[in-house]
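Numbering-wise (this note's numbering), the sequence shown opens with residue 328 and increments by one.
Built from N, CA and C at the ideal position, the CB exists for glycine as well.
It should be emphasised that the depicted structure is a prediction, and the values quoted were computed from it without experimental measurement.
Written below as structure tokens is the structure these notes are about.
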Amino acid sequence: MREFSFSENWWQFVVVAIVCYFVGCFNFAVLISKIKGNNITKMGSGNPGTMNMSREFGLKIGLLTFFCDALKGGIPALIGYFVYRNYIFTGTGIAVSDFIRYFCGLFVVIGHIFPVTMKFKGGKGIASTLGLFWVSLSCENLWLLLISFAWLLCVVLFISLTEWGSLGSLLGVSTFSTIQLVIFFFRYANEPLSACLIWVYILIFIINLLTWCAHHKNLARLFSGEEHRTSLKKLALKRKRKKEKTL
Numbered sequence: 328m329r330e331f332s333f334s335e336n337w338w339q340f341v342v343v344a345i346v347c348y349f350v351g352c353f354n355f356a357v358l359i360s361k362i363k364g365n366n367i368t369k370m371g372s373g374n375p376g377t378m379n380m381s382r383e384f385g386l387k388i389g390l391l392t393f394f395c396d397a398l399k400g401g402i403p404a405l406i407g408y409f410v411y412r413n414y415i416f417t418g419t420g421i422a423v424s425d426f427i428r429y430f431c432g433l434f435v436v437i438g439h440i441f442p443v444t445m446k447f448k449g450g451k452g453i454a455s456t457l458g459l460f461w462v463s464l465s466c467e468n469l470w471l472l473l474i475s476f477a478w479l480l481c482v483v484l485f486i487s488l489t490e491w492g493s494l495g496s497l498l499g500v501s502t503f504s505t506i507q508l509v510i511f512f513f514r515y516a517n518e519p520l521s522a523c524l525i526w527v528y529i530l531i532f533i534i535n536l537l538t539w540c541a542h543h544k545n546l547a548r549l550f551s552g553e554e555h556r557t558s559l560k561k562l563a564l565k566r567k568r569k570k571e572k573t574l
């Protein structure tokens, strides 16, 4: 492992932050809806994300949007991991790759929620955040790929049974975060108070805070009993009926 001096290489993080922010600004929901001759920001709830795309265009298009946004969150983190995986911060045993993954992810999520290309009114960042955690947990330990996928299935099952899409998504993000924090806690048990490690924890916390804050209206409606239900079964049937009508 080679040492990485932050004081000498801080400019790399500035470049990474800018690139990842603009990656986050690219909204697949808007692109896909325009390909279909519409504008998702003027349909349904107006949110350019998976749930609104599913309600307006069907479950398959919603899943395509989710997959694309998840890749948007995961691929920059994966690239960051491979570029910096042989480095540790100077004077510590903290891997730079453990920091850079979530640094990349944070700015992708910021770009998704507050895109300059859409007057700072973007999506809610759930798909990108889930993609970020899935890739970040799996890039070092491939066996975690299956565990992460199993948890994603649990999230889908929770949403399917309760019809609370926003709550299920947020619980998924929080659980992924907890798993990663536990792994880091045991990995760096010999230096739990390292400033570099604390910054990794802060990054993960901020990512969670952003996604939860982006859903503040959903949470308010949920606690007041007015939250819109998201029935995956109804979404699939709704699209099927639309096709039958056009035949």
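Residues near residue i by beta carbon distance below 7 angstroms, same chain, minus five either side
i: Gly584; result: With the chain covering only 328 through 574, there is no way to say anything about residue 584.
i: Phe409; result: none
i: Ser332; result: Thr417
i: Val350; result: Lys399, Pro403, Val435, Gly438
i: Thr419; result: Glu518, Ser521, Cys523
Sequence-distant residues of the same chain with beta carbon closer than 8 angstroms to residue i, five excluded per side
i: Phe512; result: Pro519
i: Tyr528; result: Leu508, Phe511
i: Leu549; result: Trp491, Ser493, Leu494
i: Asn366; result: Val357, Ser360
Residues that DSSP places opposite residue i in a beta bridge
i: Phe416; result: Phe331
i: Tyr422; result: Note on identity: in this sequence residue 422 is Ala, with Tyr being the wrong assignment. In the DSSP output, where bridge partners are listed per residue, Ala422 has Ile415.
Exposed unless 16 or more other CB atoms sit within 10 angstroms - verdict on residue i
i: Gly432; result: buried
i: Arg329; result: exposed
i: Leu574; result: Low confidence applies to Leu574: its pLDDT is 48, below 50, so where it sits in the model is not reliable, and the reading given next is rough at best. Result: exposed.
i: Phe416; result: buried
i: Gly552; result: exposed
i: Ile534; result: buried
i: Thr489; result: exposed
i: His542; result: buried
i: Cys540; result: exposed
i: Leu390; result: exposed
i: Phe426; result: buried
i: Val443; result: exposed
Bounding residues of the alpha helix (DSSP H) (the contiguous stretch that carries residue i)
i: Ser521; result: Segment: none, Ser521 is in no alpha helix (DSSP H) and carries neither H nor E.
i: Ala477; result: 470-489
i: Thr456; result: 453-465
Own chain, CB closer than 6 angstroms to residue i, minus 5 neighbours either side, in chain order
i: Val482; result: Gly495, Gly499
- May I ask you to verify whether the region 499-514 touches the region 466-483, counting CB pairs closer than 8 angstroms and requiring at least 3? Yes, the region 499-514 is in contact with the region 466-483.
- Task: Indicate whether the contact test is met: 3 or more Cβ pairs, each with one atom in the region 344-352 and one in the region 396-406, closer than 8 angstroms.
- Result: Yes, the region 344-352 is in contact with the region 396-406.
- Okay, do the region 375-393 and the region 460-468 touch, 3+ Cβ pairs below 8 angstroms being the bar? They do not touch, by the three-pair rule.
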